[in-house]
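A short worksheet on the structure shown next.
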Ligand code: SF4
Ligand code: SF4
Ligand code: SF4
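Protein chains in written order, with this note's numbering: chain A, 14 to 439; chain B, 33 to 286.
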């Protein structure tokens, strides 16, 4: 017989996540009465404030949706507007943008893995005590984060809120000198990634499975980054312009962020979703890293998103080195296509660190924005987090866990999604 | 800790975010190579983004973001009451930032645009200084970590905190950039406070004035420059309005 258990978990403004979210679990007579994921962030209404702005200024505004994935937001707007106004940027600029995306994702994953997630597994309140207890691990994490930021700075002029990503291409190319330095830096930091991987392989990832539908981009030729088809692990394939049918946003009473779904009750985006949909396109070293953790597609354990991020770091290091080489052979003067503003509308989808991100923008014939829609990765995870919490709390009760253990598992679950809440309530 | 023969106490610091992108707080974890030295200067008492430890005793509160909801006003007042010194951290906190662009429209229209009919509470974006007394402001979207490090060292060593008084153009010229005005683009460098090392014009894009007005700027001369070069006044106004740092000048001009 189950123990009769009564408790309420009410976590307000969850720490070590970006933005403001609450977890509420209540158990009565040993049964789960409620499990809720509520976002209580203050909205900023970007879709309203971008209206009337000239197209060329828009990426500078939308990058401010998120301090962690500003490059992704900037490039989602740029892609939408370039498609709307039929602008074709030069090859070199496209390569610089891909490299910039790698920098941002590496920085974001390192921040999450070391500063936000690792303390959970080591029972520490933050990364600060870990700096004392595991200095070499934190040093490795900082080296990877710094490399990510350096890649972003070299490619976009600044690591948060890029300055040189513009409509038509980029406003400034990195110098050969900086590229060569970056190449050395990537090679020098491979051991830090090895150390990180060894460390994470010693941690125990909770066992929990709730089948869901994973959504990401797929282009068939490279691991996804900027643009492509919208796909799901349930076999859905849609054109980028068809993003609304891939999200189906709806409002729920207890949250300022919207929820989404595709075929099932909820769906998931992020590193694990990309991994599940694009495993074959990962660099062999990244696939080997996944194998070492027993991570295979399709994996339905949300806690494994941490491992999927680590696997992506392996891919990024290899692919970034390749892109730097490509830029060293490229024409660094041909970086920007001139354009005339015109009326149009289009979608720009990119894989932000936390998952697929859509900007849909419509312009008038002066190139001013008349309509905007942004759908953020965390928005696409909110419903999944919500239903996962329910299933996880049920499982914890069935396993006879107490309040403290249940709370801990629920918090780790939410952090595993690496939610970016201020971004989701933009 | 010892500095020039003085015994120094780490600063009891707390960091709080309101309506914003949290990009300024993120800068605190950047400049990884100097991070251990930086952290040695501070005793982090409350910083939700990176730690689940929360303490209510702190000397300095870094406050990021602007204010757009009534519960934020209450939270901010509590922080003010507890902190010996309150720092408006970043452009959103100092000037309202990009959030203020929604102040041009009726708030009901803004809500309708994004949330259909759902009742969502919001009010025009306010600066931190509109609600409580601010001891210092560190502008920037995002703040520059170098500048933050310099200011924290000043605070620890009880030296006066200063910001550059001159405009971005000074830093831009030091970096030997081609002036964007010569390329036919309006740049707010001549009227904006320096301290960012002219990062935007160095990347070949216009300064949008995130650090607010420099001291003793000649705004009429700036507007005249735009006219003389036959550049678009509408473009100038869009740029001046971007971070809400030039309200008075904008009114003066129009
Ligand atoms: S000032 Fe800029 S970087 Fe800082 S919180 Fe506001 S929008 Fe983000
Ligand atoms: S580019 Fe801008 S900041 Fe640089 S000199 Fe010209 S006006 Fe000044
Ligand atoms: S150049 Fe202007 S907009 Fe850019 S960081 Fe400096 S003050 Fe801000």
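No residue lacks a Cβ here, since even glycine has one placed at the ideal position from N, Cα and C.
Contact with chain A is found for residue 81(B), since one of that chain's Cβ atoms lies less than 8 Å from the residue's Cβ.
Contact between the segment 47-66 of chain B and the segment 78-89 of chain B is present: three or more C-beta pairs spanning the two stretches fall below 8 Å.
Here the alpha carbon of residue 274(B) sits roughly 26 Å from the alpha carbon of residue 148(B). Shown here is that no member of the segment 156-168 of chain B has a Cβ falling below 8 Å from a Cβ of chain A. In this structure residue 401(A) is in contact with residue 223(A), their Cβ atoms being roughly 6 Å apart against a cut-off of 8 Å. If you look at residue 72(B), you'll find it isn't in any beta strand (DSSP E); it sits in the alpha helix (DSSP H) that goes 67-73. Fewer than three beta-carbon pairs drawn from the segment 189-206 of chain A and the segment 260-273 of chain A are found closer than 8 Å, and the two stretches are therefore not classed as touching.
When Cβ-Cβ separations below 8 Å define contact, residue 149(A) makes no contact with chain B. Neighbours of residue 210(B) in chain A, taken as residues at a C-beta separation under 7 Å, are lacking, since the least C-beta distance is about 11 Å. When Cβ pairs closer than 8 Å are counted between the two stretches, the segment 98-111 of chain A is seen to touch the segment 169-185 of chain A, the count reaching three or more.
Check the Cα spacing between residue 107(B) and each of 50(B), 201(B), 137(B) and 117(B): the tightest is with 50(B). Across the structure, residue 79(A) and residue 90(B) are spaced so that their CA atoms are roughly 27 Å apart. Between residue 52(B) and chain A, the shortest Cβ-Cβ separation is below 8 Å.
Not a single heavy atom of ligand 3 lies less than 7 Å from the C-beta of residue 170(A). When distances are taken from the beta-carbon of residue 205(B) to the heavy atoms of ligand 2, the shortest one is below 7 Å.
At a cut-off of 8 Å between beta-carbon atoms, residue 214(A) makes no contact with chain B. No heavy atom of ligand 1 is found nearer than 7 Å to the CB of residue 225(B). For residue 55(A), the chain B residues whose Cβ falls inside 8 Å of its Cβ are 50, 51, 100, 101, 104 and 154, in order along the chain. Using a CB distance below 9 Å, the part of the segment 179-206 of chain A facing chain B consists of 179, 183, 184 and 185, ordered along the chain.
Two segments are said to touch when three or more pairs of C-beta atoms, one from each, lie closer than 8 Å; by this definition the segment 270-289 of chain A touches the segment 383-400 of chain A. Ligand 2 never approaches residue 370(A) closely enough for any of its heavy atoms to be under 7 Å from the residue's Cβ.
Taking a contact as a CB-CB distance under 8 Å, the pair residue 312(A) and residue 81(A) does not count as one, their CB atoms being some 24 Å apart. Taking 8 Å as the CB threshold, residue 61(B) lines the interface with chain A.
Secondary structure note for residue 228(A): its beta strand (DSSP E) is the uninterrupted segment 226-231. At least one beta carbon of chain B lies nearer than 8 Å to the beta carbon of residue 79(A). The straight-line gap separating the alpha-carbon atoms of residue 380(A) and residue 95(A) is approximately 11 Å.
With respect to chain A, the C-beta atom of residue 76(B) has a partner C-beta closer than 8 Å.
Fully enclosed alpha helix (DSSP H) runs of no fewer than 4 residues occupy 102-114 of the segment 93-122 of chain B, in order along the chain. Taking a beta-carbon distance threshold of 8 Å, residue 181(B) does not count as an interface residue toward chain A. The continuous stretches of alpha helix (DSSP H) do not include residue 373(A), which lies in the beta strand (DSSP E) extending over residues 368-376. Distance between residue 94(B) and residue 316(A), taken at the CA atoms: about 33 Å.
Taking the Cα of residue 44(B) as reference, the smallest distance to any Cα among 256(B), 75(B) and 193(B) is reached at 75(B). For residue 99(A) and residue 356(A), the gap between their C-alpha atoms comes out near 10 Å.
Around residue 244(B), no beta-carbon contact reaches into chain A at under 7 Å, the shortest distance being about 16 Å. For residue 173(B), the nearest beta carbon of chain A is closer than 8 Å to its own beta carbon. Per DSSP, residue 20(A) is one residue of the beta strand (DSSP E) stretching across 20-24.
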